[in-house]
Every structure is written in C-alpha cells, then in structure tokens.
Amino acid sequence: MNLVNTAILDPATGWFILAAFSALWILLGWYFGRRNQRLDDYVLAGRRVGLALGTATVMATWVTSNTTMAAPQLALQMGIWGMIGYSLGSVGLFLFAPLARRVRRLMPAGYTSGDFIRLRYGNFAWRVFLLISLFYSLGWLVSMGMAGGILIHALTGISYHYGMTVILSICVGYTLLGGLRAVIGTDFIQALLILTGAVIIAFLAIREIGLDTIHASVLADRPELLNLLMPASIMFLFNNLLFGVGEIFHSNVWWSRAFAFREGVGFRAFALAGILWAPIPIVAGFIALATPALGLNVPAADMVGPMVAAQILGTTGAVLVLIMVFAALSSSLDSLLAATSILVVEDIYRRHLKPDASAAEMRSATARIIVGLGILTWILCAPRLTTLAELLYFTGAFVASTIWPIAAGLFWRRANTAGAVAGMILGSAAGLYSYFAVGFYVAALVGAAVSMVCVATISSLKPAQFDFADLQEMHPLESSSGGSS
Amino acid sequence: MTITATAFSWLIAIALVLTIAAPIILLGLLARDWKKGQLW
Numbered sequence: 003m004n005l006v007n008t009a010i011l012d013p014a015t016g017w018f019i020l021a022a023f024s025a026l027w028i029l030l031g032w033y034f035g036r037r038n039q040r041l042d043d044y045v046l047a048g049r050r051v052g053l054a055l056g057t058a059t060v061m062a063t064w065v066t067s068n069t070t071m072a073a074p075q076l077a078l079q080m081g082i083w084g085m086i087g088y089s090l091g092s093v094g095l096f097l098f099a100p101l102a103r104r105v106r107r108l109m110p111a112g113y114t115s116g117d118f119i120r121l122r123y124g125n126f127a128w129r130v131f132l133l134i135s136l137f138y139s140l141g142w143l144v145s146m147g148m149a150g151g152i153l154i155h156a157l158t159g160i161s162y163h164y165g166m167t168v169i170l171s172i173c174v175g176y177t178l179l180g181g182l183r184a185v186i187g188t189d190f191i192q193a194l195l196i197l198t199g200a201v202i203i204a205f206l207a208i209r210e211i212g213l214d215t216i217h218a219s220v221l222a223d224r225p226e227l228l229n230l231l232m233p234a235s236i237m238f239l240f241n242n243l244l245f246g247v248g249e250i251f252h253s254n255v256w257w258s259r260a261f262a263f264r265e266g267v268g269f270r271a272f273a274l275a276g277i278l279w280a281p282i283p284i285v286a287g288f289i290a291l292a293t294p295a296l297g298l299n300v301p302a303a304d305m306v307g308p309m310v311a312a313q314i315l316g317t318t319g320a321v322l323v324l325i326m327v328f329a330a331l332s333s334s335l336d337s338l339l340a341a342t343s344i345l346v347v348e349d350i351y352r353r354h355l356k357p358d359a360s361a362a363e364m365r366s367a368t369a370r371i372i373v374g375l376g377i378l379t380w381i382l383c384a385p386r387l388t389t390l391a392e393l394l395y396f397t398g399a400f401v402a403s404t405i406w407p408i409a410a411g412l413f414w415r416r417a418n419t420a421g422a423v424a425g426m427i428l429g430s431a432a433g434l435y436s437y438f439a440v441g442f443y444v445a446a447l448v449g450a451a452v453s454m455v456c457v458a459t460i461s462s463l464k465p466a467q468f469d470f471a472d473l474q475e476m477h478p479l480e481s482s483s484g485g486s487s
Numbered sequence: 030m031t032i033t034a035t036a037f038s039w040l041i042a043i044a045l046v047l048t049i050a051a052p053i054i055l056l057g058l059l060a061r062d063w064k065k066g067q068l069w
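What follows is the structure in structure tokens.
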C-alpha cells in the first residue's frame with residue numbers, strides 16, 4: 003500500500019497560486035463593480051442580471067468546498083448512493099425555480115427573504131425567521147472559512163490560520179469593492195474553473211485506470227460501496243435532499259438572486275443550474291472509488307479526492323484541485339457575505355435601528371457589515387472548534403423547518419401566521435432533538451416533517467385570506483430618491 | 030443488489046458528458062446575452 007502525505011504541494015507553490023488568484027479576484031471585483039452608482043446596483047446588481055450570469059452564479063454558489071471535497075468522501079464511505087445522494091442537492095435548485103419566478107413577480111422592489119416573511123406573516127414570525135436565517139448564514143460562513151484553512155493546509159502545508167485569513171480577506175475585499183455585481187461576475191469565471199478542473203481530473207482518472215478496473219477492484223475490496231440497497235445511504239439521501247431544499251428556500255443568498263435577475267430569468271436560471279450542477283458531485287466523487295485500484299491508504303476520508311488526483315496526475319493534479327477548491331470556496335463565501343450583509347442592513351439596521359436611513363447610509367452600512375462579518379467569521383474560525391460536517395448538519399434542523407412556511411406562504415393564501423411560527427419553532431426543536439437523540443442524518447428530515455404538519459394543520463383550522471398584492475411594498479428609497487446613492 | 034460494471038460506466042459517462050457540456054452552454058448563453066445587451 004502507498005501512504006501519501008496529505009500536504010501534496012509545497013508551500014511556495016501554494017502561496018504562488020493563492021497570490022495569483024487573489025489578485026485576479028480583486029481586479030475583477032473592482033472591474034465589475036466600477037459602474038455601481040445606485041444602492042440597487044451595489045446590493046442587487048441593478049436587478050437586470052441575464053440568463054448566462056444568472057445560471058453560473060447559482061451553480062457556482064451551490065458548488066461549495068463540500069461538493070468538491072465531501073462528494074469523494076461520501077463516495078468512499080457510502081458508495082454509489084453517497085454520490086447520487088449528494089447530486090440530489092440539485093432538487094433544491096429545481097424546486098426554487100418556480101419560487102424565484104413568483105418572488106420576482108410578487109415583490110419587484112423586494113430586497114431580502116426577511117421582507118417576504120415580515121409582509122406575509124408579521125413581525126413575530128419575521129424575527130423568528132431572522133434568528134434562524136442569521137444563525138444558518140453564520141454557520142455556513144464559519145464552515146466555509148474553516149474549510150478554506152483546512153483544505154489549503156492539507157493541500158499545501160500552509161498553516162490553517164494563514165489559509166483561512168487569505169480566503170476570508172480576499173472574499174471580503176472583492177465583495178466590498180464591487181458588491182453583488184463583483185460576486186456574480188467572478189462566479190461565472192469560478193464556475194468555468196470548477197467545471198474544467200473536475201472534467202480534467204475525472205477524464206484522466208478514467209484514462210489511467212479505466213472504469214471497468216475501478217468497478218472490479220471496488221467489487222473485490224469494498225463490495226458494499228456498489229450495493230444499491232445500503233440503508234444508511236438511502237437515509238442520507240433523503241436527509242441531504244431536504245437539507246438542501248431548506249437551505250435554498252430560506253436563505254437570502256438565493257432570494258437576493260431572485261430579486262437581482264431580470265424579469266423572466268429566475269425560473270430558467272435556477273432550473274438550468276440544477277441540471278448543470280447535478281452531475282458535478284458524481285464526476286468529483288467517483289474518483290474516490292479508484293482507491294482500491296490504486297492501492298491507496300487514506301488516512302483522512304475528507305482528503306481522498308486530492309490524494310487520488312495527486313496520485314494519478316502528480317503535481318498537476320494537486321494544483322488543479324487547489325484551484326478548484328479556491329474557486330469553490332470563493333464563489334460561496336462572496337455570495338454569503340453579500341446576501342447576509344443586505345439581510346442585516348435591511349432587516350436589522352433599517353427596520354429596527356434607523357428607519358429613515360438614506361441610500362448612502364445603507365450602502366455605507368452594507369460595506370461595514372461585510373467587513374464586520376469577515377472579522378466575526380475569522381474570530382469564530384480561529385479556534386477551529388468543531389468539524390465541518392457537524393457544524394453544517396447542526397443547522398439542518400433549523401433550515402428545514404422554514405421550507406413549508408415559505409412555500410405555503412408564497413402559493414397558499416390560507417397559510418396563517420400561527421402555523422408558520424409553530425412550524426419554524428416546533429420544527430427546529432424536533433429536528434434538534436432528533437439530531438442529538440438519533441443522528442445528524444435525520445435532523446432535516448424530522449424538522450421538515452414537523453413543520454409541514456404544523457403549517458398544514460394550524461392553517462386549516464383557522465385559514466387566513468392573504469392578499470398577495472400586499473407583498474408589493476414600495477421601498478422608501480425607491481419612492482423618495484429613486485434608490486440613488 | 031450490486032450495480033453492474035455497465036450501469037456504473039453509463040452513470041459516470043452521462044455525468045461526465047453533462048459536466049463537459051456545462052461550460053460550453055454557459056459560454057454560449059453569455060455570447061447570446063452579450064449580443065442582446067442583456068448581460069446585466
């Protein structure tokens with residue numbers, strides 16, 4: 003058996019690649035954001051994003067470091083269903099497509115997912131939702147920051163703290179420079195880099211080893227990985243699906259895109275992104291099944307992807323993986339920074355603290371919040387308290403409980419406030435209980451089920467008669483100053 | 030119930046073809062949006 007050192011590249015090469023791509027992202031961030039004038043340009047890319055950039059930004063944002071690193075890990079641990087289960091993360095994108103179209107139509111001047119909950123269910127439900135959404139956003143930010151430090155260290159030997167600081171600083175830097183335009187523009191290039199890297203690694207793995215050889219060696223050494231009836235994997239599959247749906251339905255990362263896309267683009271962009279995203283976990287994941295054929299001893303399951311790439315392609319493979327990982331991390335972190343900052347500014351700063359804030363004050367507050375979120379994320383990442391999977395799946399119970407309040411709220415006029423609030427609170431509580439009592443792989447499943455029962459039952463007992471026209475709230479900045487800064 | 034070598038190969042091949050097509054589709058859409066002035 004070969005034992006491969008996990009630090010595949012030397013630190014000098016790692017620093018060179020990080021410096022080159024950091025400079026590129028900063029330059030592009032400035033370039034894409036140079037024409038931002040109004041507040042809407044900065045926080046919603048002018049609300050006129052076309053299909054190409056729209057599809058790419060949805061796809062690149064949903065390809066996180068987890069997709070490129072955890073997909074091989076899941077293939078190694080859960081086999082065929084691990085890869086397919088991960089690719090079902092695309093279901094959330096498909097299901098959000100009609101929601102994106104409806105959101106754009108019902109709320110042409112909307113800013114955040116919080117705006118919808120406030121107008122649809124009132125202030126108490128809005129504040130419960132904000133707690134869940136901000137907790138999730140922070141969890142995702144911290145898990146991405148930690149992933150950056152861990153992966154850069156594992157691939158290059160650069161220390162965890164340096165790697166984490168670089169990735170956070172660069173994303174804060176170019177998001178600050180160009181706002182959502184910078185995020186969407188760089189996402190297009192990052193999507194191309196991720197796709198190209200995944201294809202090259204997969205293609206060369208097939209050429210070097212062969213699919214038949216991979217299948218035969220797994221069948222001989224780890225036949226359970228090819229078993230289509232592996233119970234734990236099937237449970238994981240459904241939990242992952244619901245977790246993904248919950249993440250996408252509630253998070254302002256996706257709502258801000260629905261508001262930013264030009265009329266008629268939202269449905270097509272989310273649906274096409276779902277089709278193009280679905281095969282990525284399979285292409286990125288199957289190379290893990292080459293470990294028996296290569297005779298690799300894998301000391302840490304989450305490093306199996308880079309190890310196989312480096313074993314097959316040498317330094318070139320490791321460089322490709324580093325570029326892919328850097329692109330995947332950046333495309334998610336920048337989106338989170340942009341979407342969370344406008345959520346904080348619109349729903350907390352303006353709605354709670356300064357109702358008469360001008361557009362210039364809101365833009366300045368957005369910039370300060372982007373920097374503040376970067377610093378807070380760094381502080382929470384620094385001690386490296388928990389594992390990535392633990393942190394991310396912990397939020398599963400919370401986000402899954404928002405699926406039904408949002409879906410029913412958008413399409414069912416009878417959905418009422420009590421049902422939505424009970425769905426979010428009791429769904430989160432039940433999901434959390436099952437997380438500790440059973441395991442991480444059922445938290446989202448239980449949270450979504452309890453929330454569904456609450457929303458359906460309570461709304462049926464005392465149906466609301468909501469008028470969807472009430473969602474068309476004119477933003478004060480739009481009505482008073484045309485949103486100019 | 031084990032996945033056969035043929036089904037396994039088809040699964041990976043289809044995923045790979047879609048992933049190869051993705052950047053081509055994105056660049057094609059970018060050119061179309063650019064021509065129509067609908068990039069941003």
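So the sequence lines, in the order shown, correspond to chains A and B.
Those letters in the first sequence? Residues 3 to 487, per the numbering used here, in order.
Those letters in the second sequence? Residues 30 to 69, per the numbering used here, in order.
For every residue, glycine included, the Cβ atom is placed at its ideal position computed from N, Cα and C.
Remember, it's a predicted structure, so these values are computed and weren't measured experimentally.
Asked, Found
"Interface residues of the stretch 225-248 of chain A facing chain B [CB-CB below 7 Å]", "P225, L228, N229, L230, L231"
"Cα-Cα separation between A/M109 and A/N254, rounded to whole angstroms", "14 Å"
"First and last residue of the uninterrupted alpha helix (DSSP H) at A/M326", "317-346"
"DSSP three-state assignment for A/V455, whether helix, strand or coil", "helix"
"8 Å Cβ cutoff met for A/A47 and B/W69", "yes"
"Contained alpha helix (DSSP H) runs [length at least 4] in the stretch 194-270 of chain A, N- to C-terminal order", "213-223, 233-252, 254-262"
"Proximity test, Cβ basis, 8 Å: A/G35 and chain B", "no"
"Runs of alpha helix (DSSP H) wholly within the stretch 19-98 of chain A (minimum 4 residues, chain order)", "41-46, 53-64, 67-80, 82-89"
"Close Cβ partners of A/T188 (< 6 Å) along its chain, the five nearest in sequence each way excluded", "W27, L30"
"Near-chain B residues of the stretch 413-439 of chain A - C-beta to any C-beta below 8 Å", "none"
"Residue interval of the alpha helix (DSSP H) (run including B/D62)", "34-65"
"Proximal residues to A/G376 (C-beta, below 6 Å), its chain only, five neighbours per side dropped", "L170, V174"
"Among A/M148, A/A445, A/S453, the one whose alpha carbon lies nearest that of A/S403", "A/S453"
"Any chain B beta carbon closer than 8 Å to A/G52", "yes"
"One or two residues paired with B/T31 in a DSSP bridge", "A/N229"
"Backbone CA spacing between A/R270 and A/R106 [nearest angstrom]", "13 Å"
"Reduced DSSP category for A/L179 - H, G, I as helix; E, B as strand; rest coil", "helix"
"Proximity below 8 Å, CB of A/I172 to CB of A/G165", "no"
"Within 8 Å, strictly: CB atoms of A/L178 and A/I372", "yes"
"Local conformation of A/N125 per DSSP, three classes", "helix"
"The stretch 116-125 of chain A / the stretch 312-327 of chain A touching (three or more Cβ pairs under 8 Å)", "no"
"Distance, A/L95 Cα to A/I250 Cα", "7 Å"
"CA-to-CA distance, A/E226 to B/T31, given in whole angstroms", "8 Å"
"Buried versus exposed call for B/G19 [16 or more other C-beta atoms within 10 Å across all chains shown]", "Only positions 30 to 69 of chain B appear in the structure, and residue 19 of chain B is not among them; the question remains open."
"Beta-carbon spacing of A/A450, A/L244 below 8 Å", "yes"
"Local conformation of A/Q416 per DSSP, three classes", "It should be pointed out that residue 416 of chain A corresponds to Arg in this sequence rather than to Gln. Coil at A/R416, not helix or strand."
"Any non-hydrogen atom of the ligand GDP closer than 7 Å to A/A62 Cβ", "Looking for the ligand GDP in the displayed structure turns up nothing, as the structure carries no ligands at all."
"Spatial distance of A/M85 from A/G297 (CA atoms)", "21 Å"
"A/W64 versus A/A329: straight-line alpha-carbon distance, rounded", "12 Å"
"A/T70: contacting residues in chain B (beta-carbon distance under 8 Å)", "Residues of chain B passing the Cβ test: none, with the nearest at roughly 12 Å."
"8 Å Cβ cutoff, A/L213 in contact with chain B", "yes"
"Within chain B, the residues that A/A47 reaches when beta carbons sit closer than 8 Å", "W69"
"C-beta contact flag for A/A207 and A/I289 at 8 Å", "yes"
"Partners in chain B for A/A58, counting only beta-carbon separations shorter than 9 Å", "L55, L58, L59"
"Beta-carbon spacing of A/A320, A/L133 below 8 Å", "no"
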